[in-house]
Amino acid sequence: MAVLAAPAVARGQAVAPPQRVASLDYAIAQTLIEIGRPPIALAGADGWDKWCVEPALPAGLVNLGTAREINLEILQQLKPDLILSTPYLERIKPKLERIARVETLPVHATGSSPWPHLVEATRRLGDLLGARDEAEAFLARTDATLAGYRDRVAPFRDRPVLPVFFQTARTAWVFGRNSLYNDGLVRLGLVNGWPRQPNAWGFSQVGLEALAEAREARLIAFEPVPADALALLRDSPIWQAVGFAEPGRTIRLAPTLAFGSLPVLTRFGRLLAEAADRA
């Protein structure tokens with residue numbers, strides 16, 4: 019991942035860390051909030067409660083439009099000290115740099131576990147924003163929280179777990195070994211049941227018939243699930259044959275952002291623990 023530059027030093031005097039930070043990515047924004055340096059603006063802020071949910075966005079945060087179409091006019095009016103971006107917005111980086119300093123943090127689509135990249139990004143953000151102690155405290159809190167859920171999810175250790183996001187009633191993303199969900203499963207003492215090598219983002223896009231490759235698994239279906247998907251699945255011969263129709267074999271979890279940061283893992287752990295408590 020990219021190494022962020024330390025705050026500049028001029029004439030022997032350290033420059034104050036940036037105070038007005040704009041984030042163009044949910045994962046970055048999650049981390050900023052958790053280390054006590056919330057952004058003043060965020061791309062896609064209006065979709066946060068649907069996909070991210072946690073942590074809560076600060077009051078007064080400005081929506082910068084979608085991640086695919088950043089409202090540069092609003093961004094310029096806000097006069098940020100720093101813009102935090104991702105590699106997927108490199109095409110507009112020259113425009114962003116006319117507004118403020120831009121730092122790019124690639125943490126997903128690396129073809130490997132996101133965990134070490136997210137830990138490093140957290141520390142880099144802490145250094146950049148004068149919040150290294152807060153960043154370390156957040157990392158320690160994440161480890162402790164996940165460790166606290168391990169015993170509670172023990173009922174789910176009887177079989178592998180299959181994290182799935184249904185795109186339609188016939189297609190799904192199944193998250194494998196280099197996904198953020200898998201990082202959570204490992205730390206909870208659970209095993210990912212997906213046998214395929216996923217793409218660089220950590221998932222395989224498949225037709226529902228492919229779920230038969232994980233016939234021993236417990237399926238975790240993340241909301242939002244298409245309205246017609248589970249109805250069609252319940253009537254599917256594949257669904258019946260694999261056993262996902264059996265009690266306790268399919269669990270629906272509230273939205274948990276697949277490409278977020280470490281707060282995703284603590285939310286994922288808590289939701290799984292609550293599901294295990296009900297089992």
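No gaps in the numbering here: position 193 of the sequence shown is 211 in the working numbering, and each next residue is one more. For every residue, glycine included, the Cβ atom is placed at its ideal position computed from N, Cα and C. A quick note: this is a predicted structure, and the numbers were derived from the prediction, not measured.
Kindly indicate the opening and closing residues of the alpha helix (DSSP H) around residue 48.
Residue 48: member of the alpha helix (DSSP H) spanning 44–52, first to last residue.
What separation, rounded to the nearest whole angstrom, lies between the Cα atoms of residue 269 and residue 95?
45 Å
Can you name the start and end residues of the alpha helix (DSSP H) that residue 95 belongs to?
90–96
For a test of the three-state rule: what should DSSP assign to residue 250, helix, strand or coil?
helix
State buried or exposed for residue 72, treating a residue as buried only when at least 16 other CB atoms are found within 10 Å of its CB.
So residue 72 counts as buried.
Mapping the DSSP letters down to three states, classify residue 219 as helix, strand or coil.
coil
What separation, rounded to the nearest whole angstrom, lies between the Cα atoms of residue 212 and residue 238?
12 Å
Per-residue burial, residue 27 [other beta carbons within 10 Å of its own, 16 or more giving buried]
Here the model assigns residue 27 a pLDDT of 43, short of 50, so the residue's position is not dependable and the matter cannot be decided.
Between which two residues does the beta strand (DSSP E) carrying residue 189 extend?
189–193
Helix, strand or coil for residue 186? Go by DSSP, reduced to three states.
Residue 186 falls in the coil class under three-state DSSP.
Using a Cβ cut-off of 7 Å (strictly closer), state whether residue 230 contacts chain B.
The structure shown contains no chain B; it is built from a single protein chain.
So if DSSP puts residue 181 in a beta bridge, which residue, or which two residues, is it bridged to?
According to DSSP, which records beta bridges pairwise, residue 181 is partnered with 238.
Exposure label - residue 121; buried when at least 16 CB within 10 Å
buried
Does the separation of the CB atoms of residue 68 and residue 90 fall below 7 Å?
no
Throw me the rounded Cβ distance for the residue 281 and residue 52 pair, which I believe falls under 8 Å.
6 Å
Hey, quick one: how far does the alpha helix (DSSP H) through residue 280 stretch, first residue to last?
280–296
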